[in-house]
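Novice: For the record, the sequence lines run as chains A, P and C. Numbers in the numbering used here are just positions in the first sequence, counted from 1, shifted up by 13. Numbers in the numbering used here are just positions in the second sequence, counted from 1, shifted up by 46. Counting from 1, position 38 in the third sequence corresponds to residue 36 in the numbering used here; the numbering is continuous, with no gaps. Even glycine gets a Cβ: it sits at the ideal position worked out from N, Cα and C.
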Amino acid sequence: MNSRGIWLSYVLGIGLLHIVLLSIPFFSVPVAWTLTNVIHNLGMYVFLHAVKGTPFETPDQGKARLLTHWEQLDYGVQFTSSRKFFTISPIILYFLASFYTKYDSTHFILNTASLLSVLIPKLPQLHGVR
Amino acid sequence: NHHIAHNGALYKRPFNEAFEETPMLVAVLTYVGYGVLTLFGYLRDFLRYWKIETCHNTTDREEQLDFVPLYQDFENFYTRNLYMRIRDSWNRPICSVPGARVDMMERVSHDYNWTFKYTGKVIKDVINLGSYNYLGYAQNNGPLRESAAKVLAQYGAGSCSTRQEMGNLDKHEELERLVARFLGVDHGTDMCNCMDEQSENGCLILSDELNHASLVLGARLSGATIRVFKHNNMQSLEKLLKDAIVYGQPRTHRPWKKILIVVEAIYSMEGSIVRLPEVIALKKKYKSYLYLDEAHSIGAVGPSGRGVVEYFGLNPQDVDIMMGTFTKSFGGAGGYIGGKKELIDYLRVHSHSAVYATSLSPPVVEQSITAMKSVMGEDGTTIGKQRIQQLSENTKYFRRRLKKMGFIIYGNEDSPIIPLMLYMPAKIGAFGREMLKRHVAVVVVGFPATPIIESRARICLSAAHTREILDIALKELDEVGDLLQIKYSRHRLVP
Amino acid sequence: YQYLLISCSYVLEPWEQSMFNTVIITVVGMVVYTAYVFI
Chain A
14 MNSRGIWLSY VLGIGLLHIV LLSIPFFSVP VAWTLTNVIH NLGMYVFLHA VKGTPFETPD
74 QGKARLLTHW EQLDYGVQFT SSRKFFTISP IILYFLASFY TKYDSTHFIL NTASLLSVLI
134 PKLPQLHGVR
Chain P
47 NHHIAHNGAL YKRPFNEAFE ETPMLVAVLT YVGYGVLTLF GYLRDFLRYW KIETCHNTTD
107 REEQLDFVPL YQDFENFYTR NLYMRIRDSW NRPICSVPGA RVDMMERVSH DYNWTFKYTG
167 KVIKDVINLG SYNYLGYAQN NGPLRESAAK VLAQYGAGSC STRQEMGNLD KHEELERLVA
227 RFLGVDHGTD MCNCMDEQSE NGCLILSDEL NHASLVLGAR LSGATIRVFK HNNMQSLEKL
287 LKDAIVYGQP RTHRPWKKIL IVVEAIYSME GSIVRLPEVI ALKKKYKSYL YLDEAHSIGA
347 VGPSGRGVVE YFGLNPQDVD IMMGTFTKSF GGAGGYIGGK KELIDYLRVH SHSAVYATSL
407 SPPVVEQSIT AMKSVMGEDG TTIGKQRIQQ LSENTKYFRR RLKKMGFIIY GNEDSPIIPL
467 MLYMPAKIGA FGREMLKRHV AVVVVGFPAT PIIESRARIC LSAAHTREIL DIALKELDEV
527 GDLLQIKYSR HRLVP
Chain C
-1 YQYLLISCSY VLEPWEQSMF NTVIITVVGM VVYTAYVFI
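1. When you compare the CB of glutamate 246 (chain P) with every CB in chain A, is at least one pair closer than 7 Å?
2. Which term fits histidine 31 (chain A), buried or exposed, when burial requires 16 or more other beta carbons within 10 angstroms of its beta carbon?
3. Strictly by DSSP, which residues pair up with histidine 233 (chain P)?
4. In or out: valine 436 (chain P) buried (at least 16 other Cβ within 10 Å) or exposed?
5. Excluding five sequence neighbours on each side, which residues of the same chain lie with their C-beta closer than 7 Å to the C-beta of tryptophan 20 (chain A)?
6. DSSP three-state label for glycine 478 (chain P), please.
7. How close, in whole Å, do the beta carbons of alanine 146 (chain P) and glycine 87 (chain P) come, if the pair is a contact with beta carbons under 8 Å?
8. Here's a check: name, in chain order, each residue in its chain whose Cβ is nearer than 6 Å to the Cβ of lysine 419 (chain P), leaving out the five neighbours to either side.
9. Whole angstroms are fine: how far does the CA of histidine 82 (chain A) sit from the CA of phenylalanine 60 (chain A)?
10. To the nearest angstrom, how far is it from the Cα of asparagine 257 (chain P) to the Cα of tyrosine 313 (chain P)?
11. Between the beta-carbon of valine 489 (chain P) and the beta-carbon of glycine 176 (chain P), is there less than 7 Å?
12. Chain A beta carbons: is any one of them nearer than 7 Å to that of threonine 271 (chain P)?
13. Note the first and the last residue of the continuous beta strand (DSSP E) segment covering threonine 271 (chain P).
14. Based on the DSSP secondary-structure assignment, which residues constitute the bridge partners of alanine 503 (chain P)?
15. Here's the rule I'm using: 16 or more other beta-carbon atoms within 10 Å means buried, otherwise exposed. How should serine 245 (chain P) be labelled?
16. Along chain C, in chain order, which residues have C-beta atoms closer than 7 Å to that of leucine 530 (chain P)?
17. Kindly list the residues whose CB is nearer than 6 Å to the CB of serine 135 (chain P), restricted to its own chain and excluding five residues on each side of it in sequence; keep chain order.
18. Whole angstroms is fine: what's the gap from leucine 328 (chain P)'s alpha carbon to glutamate 284 (chain P)'s?
19. My output table needs one value for aspartate 242 (chain P): the three-state DSSP class, helix, strand or coil.
20. Can you list, in chain order, the residues of the region 26 to 42 of chain A whose Cβ is nearer than 8 Å to any Cβ on chain C?
21. Can you check whether the CB of serine 334 (chain P) is closer than 7 Å to the CB of isoleucine 367 (chain P)?
22. Identify the contact partners of valine 25 (chain C) in chain A, using a Cβ-Cβ distance below 8 Å as the criterion.
23. Which of the three DSSP states is assigned to threonine 496 (chain P) in this structure?
24. Determine the DSSP secondary structure at arginine 143 (chain A), reduced to helix, strand or coil.
25. I want to verify the contact list: residues of chain C whose CB lies under 7 Å from the CB of arginine 131 (chain P), in sequence order.
26. Less than 8 Å between the CB atoms is what I'm expecting for valine 51 (chain A) and leucine 123 (chain A), so what's the real figure, rounded?
27. What are the residues in the region 14 to 25 of chain A lying within 9 Å of chain P by C-beta distance?
28. Would you mind sorting arginine 536 (chain P) into buried or exposed? The rule is 16 or more other CB atoms within 10 Å of its CB.
29. Tell me the rounded alpha-carbon separation between tyrosine 180 (chain P) and glutamine 74 (chain A).
30. Please list the terminal residues of the continuous alpha helix (DSSP H) segment that includes threonine 47 (chain A).
31. Verify whether the separation of the beta carbon atoms of serine 282 (chain P) and lysine 288 (chain P) is less than 7 Å.
32. So with CB distances below 9 Å, who are the chain D contacts of threonine 68 (chain P)?
33. Mapping the DSSP letters down to three states, classify tryptophan 136 (chain P) as helix, strand or coil.
34. Just the Cα atoms here: how many angstroms apart are histidine 485 (chain P) and isoleucine 173 (chain P)?
35. DSSP three-state call for isoleucine 415 (chain P): helix, strand or coil?
36. Would you mind working out which of P:Pro462, P:Ile455, P:Gly457 and P:Tyr402 sits nearest methionine 212 (chain P), comparing C-alpha positions?
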């Protein structure tokens, strides 16, 4: 997660997702932003916090098999730059979504719940907790 | 090509090593490619799960599902969804010696590489840029063959016993004496397979992050504490050494009994050469031990092929454990460990290889002996010397030409291993196929054997390659490079 | 050819390639349409 260009790809991916949602004629701007936020957080939750193990064999005799991607990141070291980046990015997306939905309560609740679903597993206190 | 400047500080020769950075656009497009393949991988897994598509790969049977799973489903996600799609470029059967040219069996797949069928045809005389055959001793003619055949007739094909029992033949001892003389160390012992001679018996092991899997496994086998320093990065190594000396063992903070630095001389995936003068200086400064894996450098670098110690003009006594293989430069198999007499005696008694593994096959030992004598010039000819010279010239020529074409090439100027960067996953398969279409065999490597944005073709040069062969290969590479648009380098050779 | 290699549809099976190209064309079409309407 800290190899060259992956953060840029990640940001471009979110931008592309938003443009695609915005291009769907019957979606309004607030709906597009909320969908961007929810889809992004869903994808982040699945790939970083739900799927365990590695999609390829590792020579560590299966040590990583029971860890989520987030727990394997940087060998479990907390507060690395990658961790900070992937913690901050959903928050920024949340601010944007809240702003563009003009703090409408339905959207706000949806976006907040979605944000919490990816923030809580990132807490260092929950490292390795099941 | 082997002049050594007798002045200057640590390095007695220019040390030119380059790892050009991945262009940002290429990195982003590489992630896009892996993203597309991952999404389609999940789609295929979904279809297999609901039996919409037949599942070709091995999974646990219905009756076994209550037991502990035998097959880690997710762990071969990449294998079944990425590697399968391009695996026709891997494990190609050859039907000749892996020399400068090789005969390859033609095969086809009618189910997208899940199974292959041989057409019965042989693709003859393919230029071989993939095998480790640095000095070209993988040949089925000449003195090596005669002597190996004679030993085969006399000793048979295998000793079927370990070195500590019936498997210890005079041929093995002859090879050990020869290895010790060749390396310039007290004693050497030959092991039958490389995995075992890696098994260190130490306390703290400082290992380069790109060390070969066998070194990693051997280090783990010893049960020692292992710390990893950045690839060929002396600051990182010194910091680890300093921390190890200052803080000692975890929790008890007792001093480490022994600190062993484990490095490879030539990194076979990076094409880089270890900064041995600096490693030895650090080892002396912090009074630790040094284990040098010369698997790819013995016979391939150095004025008389004695490896990276001679290449830098250093003293072999400064390296505590010299390890190497007979596979890559001598056309043999197995490997050796060289060092002080008490170390070798200890290994002969305690090493896994000496106790459990059958000893080296006598004809193979003879092949290594004859090849090593040829390299040392003890066969009364200068063939060995010429081959070393030829390999060095081939290396410089090929690297320079590839750089001039605009490819991104990793590693050291003098390393016969030339990683040519491909980056995108589809280009890995395309490169292998296009080159074989042009009768050039290359080895391609991708994630997870390399970092995700550093897939590459790993070209291995040989002294058996003549200038004509290299020029043909370069012409094809130039053509395929234009076709696939893989000339990414932004560095241009200053005329 | 570069499109096939960069998007990795070079290694996809024919039906996957059709699916992939359909999605791409649809998305691009929508984006172009929306951009046109918006501008």
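Specialist: Once the coordinates are examined:
1. Position 200 of the second sequence, counted from the start, is the residue given in the question as residue 246 (chain P). For glutamate 246 (chain P), the pLDDT reaches just 42, beneath the cut-off of 50, and the residue's location in the model is therefore unreliable, leaving the point undetermined.
2. Here the question's residue 31 (chain A) lines up with position 18 in the first sequence. When all chains shown are included, histidine 31 (chain A) counts as buried.
3. The count along the second sequence starts at 1 and reaches residue 233 (chain P) at position 187. Its beta-bridge partners are P:Gly385.
4. The count along the second sequence starts at 1 and reaches residue 436 (chain P) at position 390. According to the sequence displayed, residue 436 (chain P) carries glutamine and not valine. Residue burial is scored here from C-beta neighbours: glutamine 436 (chain P) has at least 16 other C-beta atoms within 10 angstroms and is therefore classed as buried.
5. Counting from 1 along the first sequence, the entry for residue 20 (chain A) is found at position 7. If we look at tryptophan 20 (chain A) and ignore the five residues flanking it on each side, its Cβ neighbours are Phe98.
6. Locating residue 478 (chain P) in the second sequence gives position 432, where the first residue counts as 1. Under the three-state reduction of DSSP, glycine 478 (chain P) is assigned to helix.
7. Along the second sequence, read from residue 1 onward, the residue named residue 146 (chain P) stands at position 100. Along the second sequence, read from residue 1 onward, the residue named residue 87 (chain P) stands at position 41. Going by Cβ atoms, the distance from alanine 146 (chain P) to glycine 87 (chain P) rounds to 39 Å, so no, they are not a contact pair.
8. As a position in the second sequence, residue 419 (chain P) is number 373, starting the count at 1. Hits under 6 Å: Asp425.
9. Working through the first sequence from its first residue, we reach residue 60 (chain A) at position 47. Working through the first sequence from its first residue, we reach residue 82 (chain A) at position 69. It is roughly 7 Å from the alpha-carbon of phenylalanine 60 (chain A) to the alpha-carbon of histidine 82 (chain A).
10. Counting from one through the second sequence, the residue named residue 257 (chain P) turns up at place 211. Counting from one through the second sequence, the residue named residue 313 (chain P) turns up at place 267. Distance between the alpha carbons of asparagine 257 (chain P) and tyrosine 313 (chain P): 7 Å.
11. Within the second sequence, numbered from 1, the residue matching residue 489 (chain P) stands at position 443. Within the second sequence, numbered from 1, the residue matching residue 176 (chain P) stands at position 130. The answer is yes: Cβ separation under 7 Å.
12. Mapped onto the second sequence, residue 271 (chain P) falls at position 225. The beta carbon of threonine 271 (chain P) sits no closer than 7 Å to any beta carbon of chain A.
13. Residue numbering aside, residue 271 (chain P) sits at position 225 when the second sequence is read from its first letter. Unbroken beta strand (DSSP E) run through threonine 271 (chain P): 271 to 275.
14. Along the second sequence, read from residue 1 onward, the residue named residue 503 (chain P) stands at position 457. BP columns for alanine 503 (chain P) point to P:Leu466 and P:Val490.
15. Mapped onto the second sequence, residue 245 (chain P) falls at position 199. Its pLDDT being 38, under 50, serine 245 (chain P) is placed unreliably in this model, and the coordinates cannot settle the point.
16. On the second sequence, residue 530 (chain P) is found 484 positions in, with the first residue counted as 1. Result: Leu3.
17. Locating residue 135 (chain P) in the second sequence gives position 89, where the first residue counts as 1. Result list for serine 135 (chain P): Gly475, Gly478 and Val490, in chain order.
18. Position 282 of the second sequence, counted from the first residue, corresponds to residue 328 (chain P). Position 238 of the second sequence, counted from the first residue, corresponds to residue 284 (chain P). Put simply, the backbone Cα of leucine 328 (chain P) is about 7 Å away from that of glutamate 284 (chain P).
19. Looking up residue 242 (chain P) in the second sequence gives position 196. In this predicted model, aspartate 242 (chain P) has a pLDDT of only 40, less than 50, meaning its place in the structure is not dependable; the value taken from the coordinates is given anyway. In the structure shown, aspartate 242 (chain P) sits in a helix (DSSP, three-state: H, G or I).
20. Residues Ile32, Val33, Leu35, Ser36, Ile37 and Pro38.
21. As a first step, residue 367 (chain P) is located in the second sequence; it is residue number 321 there, counting from the start. As a first step, residue 334 (chain P) is located in the second sequence; it is residue number 288 there, counting from the start. The answer is no: Cβ separation not under 7 Å.
22. Translated into the one-based positions of the third sequence, residue 25 (chain C) becomes position 27. Listed along the chain, the chain A residues whose CB falls inside 8 Å of the CB of valine 25 (chain C) are Val33 and Ser36.
23. Locating residue 496 (chain P) in the second sequence gives position 450, where the first residue counts as 1. Threonine 496 (chain P): coil per DSSP, three-state reduction.
24. The residue given as residue 143 (chain A) occupies position 130 in the first sequence. Of the three classes helix, strand and coil, the one that applies to arginine 143 (chain A) here is coil, per DSSP.
25. On the second sequence, position 85 is the one that residue 131 (chain P) refers to. Correct list: Val9.
26. Within the first sequence, residue 51 (chain A) is the residue found at index 38, counting from 1. Within the first sequence, residue 123 (chain A) is the residue found at index 110, counting from 1. Confirmed, Cβ separation roughly 7 Å.
27. Here the close residues are Ser16, Arg17, Gly18, Ile19, Leu21, Ser22, Tyr23 and Leu25.
28. In the second sequence, counting from the first residue as 1, residue 536 (chain P) sits at position 490. Under this definition arginine 536 (chain P) is an exposed residue.
29. Here the question's residue 180 (chain P) lines up with position 134 in the second sequence. Here the question's residue 74 (chain A) lines up with position 61 in the first sequence. The alpha-carbon atoms of tyrosine 180 (chain P) and glutamine 74 (chain A) are separated by roughly 33 Å.
30. Position 34 of the first sequence holds residue 47 (chain A). Here the alpha helix (DSSP H) through threonine 47 (chain A) covers 42 to 57.
31. Your numbering for residue 282 (chain P) matches position 236 in the second sequence. Your numbering for residue 288 (chain P) matches position 242 in the second sequence. No. Outside cutoff.
32. Of the chains in the structure shown, none is chain D; the protein chains are A, P and C.
33. By one-based count along the second sequence, residue 136 (chain P) stands at place 90. Secondary structure of tryptophan 136 (chain P) (DSSP, three-state): coil.
34. What you label residue 485 (chain P) is simply residue 439 of the second sequence in a count that begins at 1. What you label residue 173 (chain P) is simply residue 127 of the second sequence in a count that begins at 1. Between histidine 485 (chain P) and isoleucine 173 (chain P), the C-alpha separation is close to 6 Å.
35. If you number the second sequence from 1, residue 415 (chain P) lands on position 369. In this structure, isoleucine 415 (chain P) counts as helix in the three-state DSSP scheme.
36. Stepping through the second sequence from its first residue, residue 212 (chain P) is reached at position 166. Methionine 212 (chain P) has its Cα closest to that of P:Tyr402, out of P:Pro462, P:Ile455, P:Gly457 and P:Tyr402.
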